[in-house]
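Trainee:
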Amino acid sequence: MEKTIFIVENLSDVKVLKNKLGNFSEPKIFTLNYTTHKLLEKNHIDHEIGEFHLTDNDKEIINKMALETTLNWWKNEEIQNLITVHKIILSELIEMELFQYFLTIFKSAKTILKIIENIMPDTILAATNLNHFLESICKTKNIKFQSLSGSESLSLHYDKINIKYNIGPIPLSITTSRQKYKKIKNLTDKISQKSFRLNPGKKNLENDAILLLDFNPTTYEILIEELSKLGKNIFLLNQRRPAIWNKKSLEIIKKYNCKVIDLSNFEKKIKSKISDEQKLLSRNLEKIWNNDLLFEKLLSIDSYTFWYSIKPIFIKTCSDRFSESLRRILLLHELFNQFKISLILEWAETGQEEKEVLTVSKEFGIKSIMLQHSMFPIAKVWKPFGRFLALFSHEHQSDKQAIWGNLTRKHAISNGLDKEKLIVTGSPKHDSFFSLEKNQESTGKILLATTGPPAIFAQDSTTDVFLKYDQYIKELFRVLKKYPDKQLIVKPHPQSDFINNALELINEIDSNAKIVLETNLPELINQCDLVISFNTSSILLESLILQKPTISLITDDWATENEIIKMNGVMVVDDIQNIESSISKIISDEDYRINLRKNANLFLENYLSNHGVASKKLVDVLNRI
Numbered sequence: 168m169e170k171t172i173f174i175v176e177n178l179s180d181v182k183v184l185k186n187k188l189g190n191f192s193e194p195k196i197f198t199l200n201y202t203t204h205k206l207l208e209k210n211h212i213d214h215e216i217g218e219f220h221l222t223d224n225d226k227e228i229i230n231k232m233a234l235e236t237t238l239n240w241w242k243n244e245e246i247q248n249l250i251t252v253h254k255i256i257l258s259e260l261i262e263m264e265l266f267q268y269f270l271t272i273f274k275s276a277k278t279i280l281k282i283i284e285n286i287m288p289d290t291i292l293a294a295t296n297l298n299h300f301l302e303s304i305c306k307t308k309n310i311k312f313q314s315l316s317g318s319e320s321l322s323l324h325y326d327k328i329n330i331k332y333n334i335g336p337i338p339l340s341i342t343t344s345r346q347k348y349k350k351i352k353n354l355t356d357k358i359s360q361k362s363f364r365l366n367p368g369k370k371n372l373e374n375d376a377i378l379l380l381d382f383n384p385t386t387y388e389i390l391i392e393e394l395s396k397l398g399k400n401i402f403l404l405n406q407r408r409p410a411i412w413n414k415k416s417l418e419i420i421k422k423y424n425c426k427v428i429d430l431s432n433f434e435k436k437i438k439s440k441i442s443d444e445q446k447l448l449s450r451n452l453e454k455i456w457n458n459d460l461l462f463e464k465l466l467s468i469d470s471y472t473f474w475y476s477i478k479p480i481f482i483k484t485c486s487d488r489f490s491e492s493l494r495r496i497l498l499l500h501e502l503f504n505q506f507k508i509s510l511i512l513e514w515a516e517t518g519q520e521e522k523e524v525l526t527v528s529k530e531f532g533i534k535s536i537m538l539q540h541s542m543f544p545i546a547k548v549w550k551p552f553g554r555f556l557a558l559f560s561h562e563h564q565s566d567k568q569a570i571w572g573n574l575t576r577k578h579a580i581s582n583g584l585d586k587e588k589l590i591v592t593g594s595p596k597h598d599s600f601f602s603l604e605k606n607q608e609s610t611g612k613i614l615l616a617t618t619g620p621p622a623i624f625a626q627d628s629t630t631d632v633f634l635k636y637d638q639y640i641k642e643l644f645r646v647l648k649k650y651p652d653k654q655l656i657v658k659p660h661p662q663s664d665f666i667n668n669a670l671e672l673i674n675e676i677d678s679n680a681k682i683v684l685e686t687n688l689p690e691l692i693n694q695c696d697l698v699i700s701f702n703t704s705s706i707l708l709e710s711l712i713l714q715k716p717t718i719s720l721i722t723d724d725w726a727t728e729n730e731i732i733k734m735n736g737v738m739v740v741d742d743i744q745n746i747e748s749s750i751s752k753i754i755s756d757e758d759y760r761i762n763l764r765k766n767a768n769l770f771l772e773n774y775l776s777n778h779g780v781a782s783k784k785l786v787d788v789l790n791r792i
């Protein structure tokens, strides 16, 4: 009997699939990612998870190929010269997103090859991002092939932006395009700056300025207060999220006389220059994209190229992003020429916008410091991908890095970082946690801070890993229903994919569940009796600061290598079967909670320096610099 299979990925319309299924006898369907699996499951369409065909060795190959392609695709001399502007290689500015993109592409491509190898079908119908690639395989193997429509094109991570907020008890999460979001943000920025006179003026030309990149004023209020004591201008350049997004952020900016930079204000003077250079760049890129033979070789796996599958979207994405960067690079030159910026503080230098600022600033001799923003995963499995994680300062980016404590310093040095670049300050973003009066009274509230797989490398990017997280969450809801005196509050991870996945899943489990998207996190944690999260999420640290019993749900072995786990600062649950007994123990066993608190205090003493005064410590260092 003839074997017919469907391979599907990122379906926008499941009807396309349903309409075809009836034409075949006993077809098999294979999905290529978690999202598609969930869609078919929701529509009661039987299928298999394609990634189950991947071996551990396959995943290592995927990691290696994605890394090599991201870092080397542009290193052909011809390409490099054509995408270098003002001595800046444009591809390096988006390499974090490109790596995630190529990881997904190589994972899908390898999965397709393994499905064909193991199933040996006679006919394949496909709705994927790699249909051209799949068709070329079928031709060489004499497999009948039919391309189906209805698959959404893969894009870079920040080509889609999530806007999230709560309207009363209702959580709203809206995903929009990068271009639409930019228009909305630019409009709101213009209105707020004009309404509240936040643009820097002539009086700001004389004094030195400290530039903060994409800082949330409410998170870093104490740091901003300390910086204001230096007698310097404080400028905020927020290119991904508005500097002002609620009443509190406006109050902080006004109170400490901060100014908000809008790069578009510098555009009028050099508009024609921007246009001319963008046109030249466009002509240069056209020369690159016409070299199909080069890209066929660069973008291939097992002698099959996927270049023609990704060519249209890859060209458009790179062209758009490179043009964006060129414009901002020219505007940044105007900013640094006009204002006496002496220091830059940032916390995520792997982002496109941060890289632009830091690279241009070096031409002007401006010093920069990267602030540690989260607990570092220290397991060896992470090391090859550190370049994309904004953990340690990149060798071509910030001059110094302000880190949280001596444990992090020791880890950084062991990973080859120059100890002279490291400044132990503690965590300015957590000063507000230490200053908050601890709530010791029981409220009956339990906080679940959901995350998802990091999806940084192939082993943590497959459907089965996502499903493991889902099962943990389902089991938690089941167990906590046995405690009618407890109220479960869910705080999804701020990353858009995680939010949307969590909202859908939790709505399936309990449509009445309380979900909080935007909130004062210290106050939320402080009002809870118990905090639960996954692996080594930073919210575990924040919970310990506020002296809350804390559970870490371990879904990945690498998490057990981190100090917060090794020092028993949190209760560890590494088997879904143990969730119920663990919840019971931490709720009912006071002696256990007391011992857990002792371990937590010991961890905090070793992991965080300058409790509650990290901002002052950092500013003291800056003053000396």
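For the sequence shown, our numbering gives the first residue as 168, with consecutive numbering after it. Note that beta-carbon positions come from the ideal geometry of N, C-alpha and C, so glycine has one too.
Say the cut is 7 Å; is the CB of residue 511 nearer than that to a heavy atom of the ligand SAH?
Mentor: Because no ligand of any kind appears in the structure shown, any question about the ligand SAH cannot be addressed here.
Trainee: Along the chain, where does the alpha helix (DSSP H) containing residue 455 start, and where does it finish?
Mentor: Position 288 of the sequence shown holds residue 455. Counting along the chain, the alpha helix (DSSP H) containing residue 455 begins and ends at 434-456.
Trainee: Report the CB separation of residue 716 from residue 763 in whole angstroms; it is logged as a contact under 8 Å.
Mentor: Position 549 of the sequence shown, counted from the start, is the residue given in the question as residue 716. Position 596 of the sequence shown, counted from the start, is the residue given in the question as residue 763. That belief holds up - the Cβ atoms of residue 716 and residue 763 are roughly 6 Å apart, short of 8 Å.
Trainee: Curious, which full-length alpha helix (DSSP H) runs of at least 4 residues does the segment 559-597 contain?
Mentor: Runs found: 573-581.
Trainee: Under the three-state reduction of DSSP, which class applies to residue 669: helix, strand or coil?
Mentor: Counting from 1 along the sequence shown, the entry for residue 669 is found at position 502. Residue 669: helix per DSSP, three-state reduction.
Trainee: By Cβ distance, which residues of its chain are closer than 7 Å to residue 320, with the 5 residues on each side in sequence left out?
Mentor: On the sequence shown, position 153 is the one that residue 320 refers to. Excluding sequence neighbours, residue 320 sits near 296 and 480.
Trainee: What do you get for residue 363, buried or exposed, if any count of 16 or more other CB atoms within 10 angstroms of its CB means buried?
Mentor: Taking the first residue of the sequence shown as 1, we reach residue 363 at position 196. Residue 363 is exposed by the Cβ-count criterion.
Trainee: What does DSSP give as the partner residues of residue 659 in its beta bridges?
Mentor: The residue labelled residue 659 in the question sits at position 492 within the sequence shown. Residue 659 is bridged to 617.
Trainee: Enumerate, from N- to C-terminal direction, the unbroken alpha helix (DSSP H) stretches of 4 or more residues contained entirely within the segment 341-418.
Mentor: Listed in chain order, the complete alpha helix (DSSP H) runs (minimum 4 residues) inside the segment 341-418 are 345-363 and 388-395.
Trainee: Could you please give the first and the last residue of the uninterrupted alpha helix (DSSP H) stretch that includes residue 212?
Mentor: Position 45 of the sequence shown, counted from the first residue, corresponds to residue 212. Per DSSP, residue 212 belongs to no alpha helix (DSSP H) and is neither H nor E.
Trainee: Measure the alpha-carbon distance for residue 442 versus residue 565 and round it to whole angstroms.
Mentor: On the sequence shown, position 275 is the one that residue 442 refers to. On the sequence shown, position 398 is the one that residue 565 refers to. Rounded to the nearest angstrom, the two C-alpha atoms are 30 Å apart.
Trainee: Give the straight-line distance between the Cα atoms of residue 368 and residue 457, rounded to the nearest whole angstrom.
Mentor: Translated into positions along the sequence shown, residue 368 becomes position 201. Translated into positions along the sequence shown, residue 457 becomes position 290. Distance between the alpha carbons of residue 368 and residue 457: 47 Å.
Trainee: If you count every other CB in all the chains shown that lies within 10 Å of the CB of residue 638, and 16 or more means buried, which is it?
Mentor: The residue labelled residue 638 in the question sits at position 471 within the sequence shown. With fewer than 16 other Cβ atoms within 10 Å, it is exposed.
Trainee: Give the range of the alpha helix (DSSP H) segment to which residue 784 is assigned.
Mentor: Taking the sequence shown and counting its residues from 1, one reaches residue 784 at position 617. 781-791 is the extent of the alpha helix (DSSP H) around residue 784.
Trainee: If you reduce the DSSP assignment to three classes, tell me which class residue 293 lands in.
Mentor: Position 126 of the sequence shown, counted from the start, is the residue given in the question as residue 293. Residue state, collapsed to three classes: strand.
Trainee: For residue 328, which of 314, 344 and 316 has the nearest alpha-carbon?
Mentor: Start at 1 with the first residue of the sequence shown, and residue 328 comes out as number 161. Among 314, 344 and 316, the Cα nearest to that of residue 328 is on 344.
Trainee: Have a look at 650, 415, 377 and 648 and flag the residue whose alpha-carbon is nearest the alpha-carbon of residue 397.
Mentor: Along the sequence shown, one-based indexing puts residue 397 at 230. Answer by Cα proximity: 377.
Trainee: Give every residue of the same chain whose Cβ lies closer than 6 Å to the Cβ of residue 199, excluding the five residues on either side of it in the sequence, and list them in chain order.
Mentor: Position 32 of the sequence shown, counted from the start, is the residue given in the question as residue 199. Answer for residue 199: 176, 217, 275 and 278, listed in chain order.
Trainee: Please report how far the alpha carbon of residue 537 lies from the alpha carbon of residue 353, in whole angstroms.
Mentor: The residue labelled residue 537 in the question sits at position 370 within the sequence shown. The residue labelled residue 353 in the question sits at position 186 within the sequence shown. Whole-angstrom Cα-Cα distance: 26 Å.
Trainee: Just to confirm, is the Cβ distance from residue 455 to residue 246 under 8 Å?
Mentor: Here residue 455 refers to the residue found at position 288 of the sequence shown. Here residue 246 refers to the residue found at position 79 of the sequence shown. Taking 8 Å as the Cβ cut-off, residue 455 and residue 246 qualify as a contacting pair.
Trainee: Do the segment 456-475 and the segment 512-527 touch if we need at least three Cβ pairs shorter than 8 Å?
Mentor: In short, these stretches do not touch, since the Cβ pair count stays below three.
Trainee: Can you give the beta carbon distance from residue 610 to residue 696, rounded, assuming they're within the 8 Å contact cut?
Mentor: Along the sequence shown, one-based indexing puts residue 610 at 443. Along the sequence shown, one-based indexing puts residue 696 at 529. At roughly 6 Å, the Cβ-Cβ gap stays under 8 Å, so residue 610 and residue 696 are in contact.
Trainee: Going by DSSP, what residues sit across from residue 250 in a beta bridge?
Mentor: The residue given as residue 250 occupies position 83 in the sequence shown. Answer is none; residue 250 lacks a bridge partner.
Trainee: Note down, one range per segment and in chain order, each beta strand (DSSP E) of at least 3 residues found wholly within the segment 673-760.
Mentor: Listed in chain order, they are 697-701, 717-720 and 738-740.
Trainee: Assign residue 313 to one of three DSSP states: helix, strand, or coil.
Mentor: One-based indexing of the sequence shown puts residue 313 at position 146. Strand, per DSSP.
Trainee: Are the CB atoms of residue 721 and residue 739 nearer to each other than 8 Å?
Mentor: On the sequence shown, position 554 is the one that residue 721 refers to. On the sequence shown, position 572 is the one that residue 739 refers to. In contact: residue 721 and residue 739 (Cβ atoms closer than 8 Å).
Trainee: Within this structure, are the beta carbons of residue 517 and residue 734 separated by less than 8 Å?
Mentor: Along the sequence shown, read from residue 1 onward, the residue named residue 517 stands at position 350. Along the sequence shown, read from residue 1 onward, the residue named residue 734 stands at position 567. No; because the gap between Cβ atoms is not below 8 Å, this pair is not in contact.
Trainee: Does DSSP put residue 232 in a helix, in a strand, or in coil?
Mentor: Residue mapping note: residue 232 aligns to position 65 of the sequence shown, counting from 1. Here residue 232 sits in helix by DSSP.
Trainee: Could you check what DSSP says for residue 321 in three-state terms: helix, strand or coil?
Mentor: Translated into positions along the sequence shown, residue 321 becomes position 154. Of the three classes helix, strand and coil, the one that applies to residue 321 here is coil, per DSSP.
Trainee: Should residue 596 be labelled buried (16 or more other beta-carbon atoms within 10 Å of its own) or exposed?
Mentor: Mapped onto the sequence shown, residue 596 falls at position 429. Buried.
Trainee: Please report the Cβ distance between residue 171 and residue 322, rounded to the nearest whole angstrom; I am assuming they are in contact, meaning their Cβ atoms lie under 8 Å.
Mentor: To locate residue 171, count along the sequence shown from 1; it is residue 4. To locate residue 322, count along the sequence shown from 1; it is residue 155. Not a contact, Cβ separation roughly 31 Å.
Trainee: What is the DSSP secondary structure of residue 428, reduced to helix, strand or coil?
Mentor: Locating residue 428 in the sequence shown gives position 261, where the first residue counts as 1. Reduced to three states, the DSSP call for residue 428 is coil.
Trainee: Going by beta carbon distance, what residues of the same chain come within less than 7 Å of residue 220, once the five residues before and after it are set aside?
Mentor: Locating residue 220 in the sequence shown gives position 53, where the first residue counts as 1. If we look at residue 220 and ignore the five residues flanking it on each side, its Cβ neighbours are 278, 281, 282 and 285.
Trainee: Touching or not, the segment 535-555 and the segment 619-627, by the rule of three or more beta carbon pairs under 8 Å?
Mentor: In short, these stretches touch, since the Cβ pair count reaches three.
Trainee: Check residue 171 in the structure and name its three-state DSSP category.
Mentor: To locate residue 171, count along the sequence shown from 1; it is residue 4. Note: residue 171 maps to strand in three-state DSSP.
Trainee: Give a yes or no on contact between the segment 414-431 and the segment 371-389, applying the rule of three or more CB pairs nearer than 8 Å.
Mentor: The segment 414-431, when compared against the segment 371-389, does touch it at the 8 Å Cβ threshold.
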